[in-house]
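Contents: one structure, followed by commentary.
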Amino acid sequence: MGKQILIACGMQQDEIEKKKIECKSCIPVIYMKRGMHENPRALHEILQQEINRHQDCDEILLTYGLCGLATESLVSENTRLILPRFHDCIHQLMENKVDVNSLYLNRCWTLDEKSILKQCENVWEEYGQEMGKEILECIYGSYERITVIDTDSYDLTPVIQNAKKAAEMLNLSVRTLPSKALVIEKLLQGAWDEDFIILQPGERVKKEMFTGLS
Numbered sequence: 275m276g277k278q279i280l281i282a283c284g285m286q287q288d289e290i291e292k293k294k295i296e297c298k299s300c301i302p303v304i305y306m307k308r309g310m311h312e313n314p315r316a317l318h319e320i321l322q323q324e325i326n327r328h329q330d331c332d333e334i335l336l337t338y339g340l341c342g343l344a345t346e347s348l349v350s351e352n353t354r355l356i357l358p359r360f361h362d363c364i365h366q367l368m369e370n371k372v373d374v375n376s377l378y379l380n381r382c383w384t385l386d387e388k389s390i391l392k393q394c395e396n397v398w399e400e401y402g403q404e405m406g407k408e409i410l411e412c413i414y415g416s417y418e419r420i421t422v423i424d425t426d427s428y429d430l431t432p433v434i435q436n437a438k439k440a441a442e443m444l445n446l447s448v449r450t451l452p453s454k455a456l457v458i459e460k461l462l463q464g465a466w467d468e469d470f471i472i473l474q475p476g477e478r479v480k481k482e483m484f485t486g487l488s
């Protein structure tokens with residue numbers, strides 16, 4: 275196996291670091307800033323810049339899936355490019371068993387400036403509790419619950435507390451579901467099966483490569 279590098283979403287740092295230890299992986303990791311998925315065009319440009327910077331590698335790995343088309347048309351001219359065949363990191367961690375009526379979070383998502391709780395608090399602070407509730411109902415009214423993803427890579431207690439605070443403001447329930455983060459594990463191990471897109475040098479990512487995912 276030649277020289278590799280992993281370009282990863284900061285939202286998955288806990289899971290990646292745990293799997294690196296378990297897999298005894300020495301692959302260097304470049305973590306991108308959390309929350310960049312909200313601006314897919316900017317994320318695309320930054321990812322392409324990082325890919326271009328590491329053309330001395332043999333293989334560049336990404337933890338990013340399609341991510342709102344952020345990865346569409348990415349290309350690595352001189353290296354193989356490997357990325358998960360999933361829409362986003364939630365679908366990866368839950369292996370496509372995603373409930374559309376649920377908001378998902380892990381520890382890193384609770385740390386983001388645009389986390390669910392932070393958004394709720396900002397709305398209440400700006401508009402007051404009564405009007406804030408109406409605004410949040412417009413934003414989150416279609417959801418029934420907040421799901422905490424337990425990847426066994428961090429202390430669950432503060433994450434659940436964060437979820438409960440947000441759920442109380444949104445009148446939602448809270449549950450916890452386990453995830454073995456197998457996609458990250460397979461990515462680090464080089465066990466690239468049907469869950470991965472493997473591109474040869476000069477081959478671009480196409481959204482059709484993700485077709486058929488739920």
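Under this note's numbering, think of the first position of the sequence shown as 275, with each following residue one higher. Even glycine gets a Cβ: it sits at the ideal position worked out from N, Cα and C. All values derive from a computational prediction rather than experimental measurement.
Query: Cβ neighbours of residue 297 in the same chain (closer than 8 Å, five flanking residues each side left out); Result: 459, 462 and 463
Query: Backbone secondary structure at residue 478 - three-state DSSP; Result: strand
Query: Buried or exposed by the 16-neighbour rule on C-beta atoms within 10 Å, applied to residue 327; Result: exposed
Query: Close-in-space but distant-in-sequence residues of the same chain around residue 329 (CB under 8 Å, 5 per side omitted); Result: 350, 351, 352 and 353
Query: In DSSP terms, what residue 424 is bridged to; Result: 452
Query: Ordered list of beta strand (DSSP E) runs contained in the stretch 329–364, each at least 3 residues; Result: 333–336 and 354–358
Query: Identity of the residue in 441, 318, 283 and 335 nearest residue 393 by Cα; Result: 441
Query: Three-state secondary structure assigned by DSSP to residue 397; Result: helix
Query: Outcome for residue 362 when other beta-carbon atoms lying within 10 angstroms are tallied against a minimum of 16; Result: buried
Query: Start-to-end residues for the beta strand (DSSP E) that takes in residue 280; Result: 278–283
Query: Beta-carbon proximity of residue 343 to residue 454, cut-off 8 Å; Result: no
Query: Beta-carbon proximity list for residue 447, same chain, < 6 Å, skipping 5 on both sides; Result: 419
Query: Identified DSSP bridge partners for residue 413; Result: DSSP output for residue 413 lists no bridge partner at all.
Query: Limits of the unbroken alpha helix (DSSP H) element including residue 321; Result: 314–327
Query: Where residue 279 falls, given that 16 or more other Cβ within 10 Å makes a residue buried; Result: buried
Query: Terminal residues of the beta strand (DSSP E) in which residue 304 lies; Result: 303–306
Query: Counterpart residues of residue 377 in DSSP-defined beta bridges; Result: 420
Query: Reference residue 376; option with closest CA among 421, 430 and 289; Result: 421
Query: Opening and closing residue of the alpha helix (DSSP H) in which residue 444 lies; Result: 430–444
Query: Own chain, CB closer than 8 Å to residue 379, minus 5 neighbours either side, in chain order; Result: 389, 390, 420, 421, 422, 423, 433, 436 and 437
Query: Contact check, residue 337 vs residue 413, beta carbons under 8 Å; Result: no
Query: C-alpha distance - residue 472 paired with residue 318, whole-angstrom precision; Result: 18 Å
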